[in-house]
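**Student:** Residue numbers (our numbering): -14 to 147. Think of the CB as a built atom: it goes at the ideal place given N, C-alpha and C, for glycine as much as any other residue.
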Ligand code: ZN
């Protein structure tokens, strides 16, 4: 029986790319919780997790199309160094929010993918676009979500703002 919807599921995971490079891990900052059926997780990842038993471990591989899509080489923008705010750390991988147009209401998240003298390349692809994701998941907890959690659409822990 797969885990039903509206359960708070706790997982720990290591995430690596196809070459085994560690992209993310929960083992340092603590586990991740999500509500089943709430759409918080990538659908394929959730579909695999809900078939796991409590305390089970599983390797789950997502292809780019099942994760953050293909990498779009045209979804970049080259800007001059002085067009960026002064307080930004000019390093490959630094994430920032960019207003795409003047007075744009929406800000898009991007990251610095290239620094060439005065020219900075901002990449608007998701940092994991084009990558296959290799998860090693451990299912460490499970309980029904409370009514309040279901109304808010997220898990309540001991954080101050809920
Ligand atoms: Zn809440």
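What's the call for residue 34, buried or exposed, on a 16-neighbour Cβ count within 10 Å?
**Tutor:** Your numbering for residue 34 matches position 49 in the chain shown. By the 10 Å Cβ count, residue 34 comes out buried.
**Student:** Going by C-alpha to C-alpha distance, which of 54, 108, 140 and 100 sits closest to residue 152?
**Tutor:** Only positions -14 to 147 of the chain appear in this structure, which leaves residue 152 out of reach.
**Student:** Assuming the contact rule is C-beta atoms closer than 8 Å, residue 20 and residue 123 should be a hit. Round their C-beta distance to whole Å, please.
**Tutor:** Taking the chain shown and counting its residues from 1, one reaches residue 20 at position 35. Taking the chain shown and counting its residues from 1, one reaches residue 123 at position 138. 18 Å between Cβ atoms; not a contact.
**Student:** From the DSSP output, read off the bridge partner residues of residue -4.
**Tutor:** By one-based count along the chain shown, residue -4 stands at place 11. Note: residue -4 sits in a beta bridge opposite 17 and 124.
**Student:** With a 10 Å radius around its C-beta and 16 neighbouring C-beta atoms as the bar for buried, classify residue 18 as buried or exposed.
**Tutor:** Position 33 of the chain shown holds residue 18. Flag for residue 18 reads buried.
**Student:** When you measure from the CB of residue 137 to every non-hydrogen atom of the ligand ZN, does any distance come out below 6 Å?
**Tutor:** Looking up residue 137 in the chain shown gives position 152. Yes.
**Student:** Which residue spans inside the stretch 59 to 139 form an unbroken beta strand (DSSP E) run of at least 3?
**Tutor:** Qualifying beta strand (DSSP E) stretches, in chain order: 61 to 65, 80 to 84, 92 to 101, 104 to 108 and 118 to 129.
**Student:** Assign residue 47 to one of three DSSP states: helix, strand, or coil.
**Tutor:** If you number the chain shown from 1, residue 47 lands on position 62. Reduced to three states, the DSSP call for residue 47 is strand.
**Student:** Identify, in the order they occur along the chain, each residue of the same chain with its Cβ nearer than 7 Å to the Cβ of residue 41, setting aside the five sequence neighbours on each side.
**Tutor:** As a position in the chain shown, residue 41 is number 56, starting the count at 1. These residues qualify, in order along the chain: 124.
**Student:** Go through its chain and collect everything with a Cβ distance to residue 113's Cβ below 8 Å, but skip five positions before and after it.
**Tutor:** Walking along the chain shown from the start, residue 113 turns up at place 128. The answer, listed in chain order, is 8, 52 and 53.
**Student:** Whole-angstrom Cβ separation of residue 46 and residue 127, contact assumed at under 8 Å?
**Tutor:** In the chain shown, residue 46 corresponds to position 61, counting from 1. In the chain shown, residue 127 corresponds to position 142, counting from 1. With 8 Å as the limit, residue 46 and residue 127 do not qualify as a contact, their Cβ atoms being about 23 Å apart.
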